[in-house]
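The block underneath contains the structure these notes are about, expressed in structure tokens.
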Amino acid sequence: MYPANGAGAVVDVSQMSSLYLQMDVPSGSPKILKSNDPATSNRLYIGTSPTDMPEIATGQTVDIFTAVPCGEPGYQAWEDGGNPVPAAVSNADFFYTVIGKCDFNQRPSDTVLTQ
């Protein structure tokens with residue numbers, strides 16, 4: 000159910016101001032699922048353990064910068080469209096684990112605080 004024992008990928012997000020997950024499902028309906036699309040993000044599950052992954056509520060989007068935990072495993076899964084949602088995470092098709100880097104700072108904004 001979970002990934003093989005490979006090291007996985009390292010993605011440097013230090014210069015990104017926004018980030019989303021996308022899964023293309025050529026034979027699915029819908030064909031493109033995005034974490035920042037309120038119409039399809041409900042097919043994404045995010046949780047703190049392999050068995051505790053609530054589904055994103057319909058109409059919500061996901062900020063990946065806050066969805067990836069710092070220095071601890073975070074668990075995510077996708078339902079590719081073969082099952083109706085909402086549904087239990089056991090219906091999901093793709094499962095993976097993510098770990099965020101603790102000293103990461105999201106790109107600074109142009110906001111200046113003055114006294």
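Note that numbering that gives the first Met the number 0 has the sequence shown beginning at 0, numbered continuously upward. All residues carry an ideal CB built from backbone N, CA and C; glycine is no exception. Values in this document were obtained by computation on a predicted structure and should not be read as measured data.
Out of L18, K33 and V67, which has the shortest C-alpha to C-alpha gap to N43? A small fix is needed here, since residue 43 is Leu in this sequence, not Asn. For the residues L18, K33 and V67, the minimum Cα distance to L43 belongs to K33.
Is the Cβ-Cβ distance between S40 and V61 less than 8 Å? With respect to the 8 Å criterion, S40 and V61 are classified as neighbours on the basis of their beta carbons.
Considering I63, what are the terminal residues of the alpha helix (DSSP H) in which it resides? I63 to A66
Reference Q14; option with closest CA among P53, F64 and N35: F64
V67 and V97 closer than 8 Å at C-beta: yes
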